[in-house]
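Trainee: Numbering (the working numbering), first residue to last: 660 to 732.
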């Protein structure tokens with residue numbers, strides 16, 4: 660019974676990690692295509708905010724994947 664729960668937890672952490680990394684990639688793609696038409700001042704502030712959020716998505720996704728790999732069997 661415990662092994663089934665651990666396997667389910669590993670799958671959930673892994674799926675969550677992959678989802679966060681994919682969302683981070685989509686966020687980069689969408690914002691880079693739209694940021695080209697912004698004024699310089701607004702573009703700088705938007706890029707800093709987007710980079711911070713993207714770092715959270717990618718870092719959180721990587722953390723979830725590492726956590727999925729370290730679950731005890």
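Just so you know, even glycine gets a beta-carbon here, dropped at the ideal spot from N, CA and C.
Determine whether the beta carbon atoms of residue 723 and residue 676 lie at a separation below 7 Å.
Mentor: Counting from 1 along the chain shown, the entry for residue 723 is found at position 64. Counting from 1 along the chain shown, the entry for residue 676 is found at position 17. In contact: residue 723 and residue 676 (Cβ atoms closer than 7 Å).
Trainee: Less than 7 Å between the beta carbons of residue 727 and residue 664, yes or no?
Mentor: Taking the first residue of the chain shown as 1, we reach residue 727 at position 68. Taking the first residue of the chain shown as 1, we reach residue 664 at position 5. Taking 7 Å as the Cβ cut-off, residue 727 and residue 664 do not qualify as a contacting pair.
Trainee: Would you kindly work out how many angstroms separate the C-alpha atoms of residue 710 and residue 718, rounded to a whole number?
Mentor: Counting from 1 along the chain shown, the entry for residue 710 is found at position 51. Counting from 1 along the chain shown, the entry for residue 718 is found at position 59. About 12 Å.
Trainee: Please name the residue in 729, 666, 706, 673 whose C-alpha comes closest to that of residue 691.
Mentor: Here residue 691 refers to the residue found at position 32 of the chain shown. Selected option, being the one with the closest Cα: 706.
Trainee: Would you call residue 714 buried or exposed, if buried means 16 or more other Cβ atoms sit within 10 Å of its Cβ?
Mentor: Position 55 of the chain shown, counting from 1, holds the residue named residue 714. Per the 10 Å Cβ criterion, exposed.
Trainee: So, using beta-carbon positions, are residue 720 and residue 679 closer together than 7 Å?
Mentor: The residue labelled residue 720 in the question sits at position 61 within the chain shown. The residue labelled residue 679 in the question sits at position 20 within the chain shown. Their beta carbons are under 7 Å apart, which means residue 720 touches residue 679 by this criterion.
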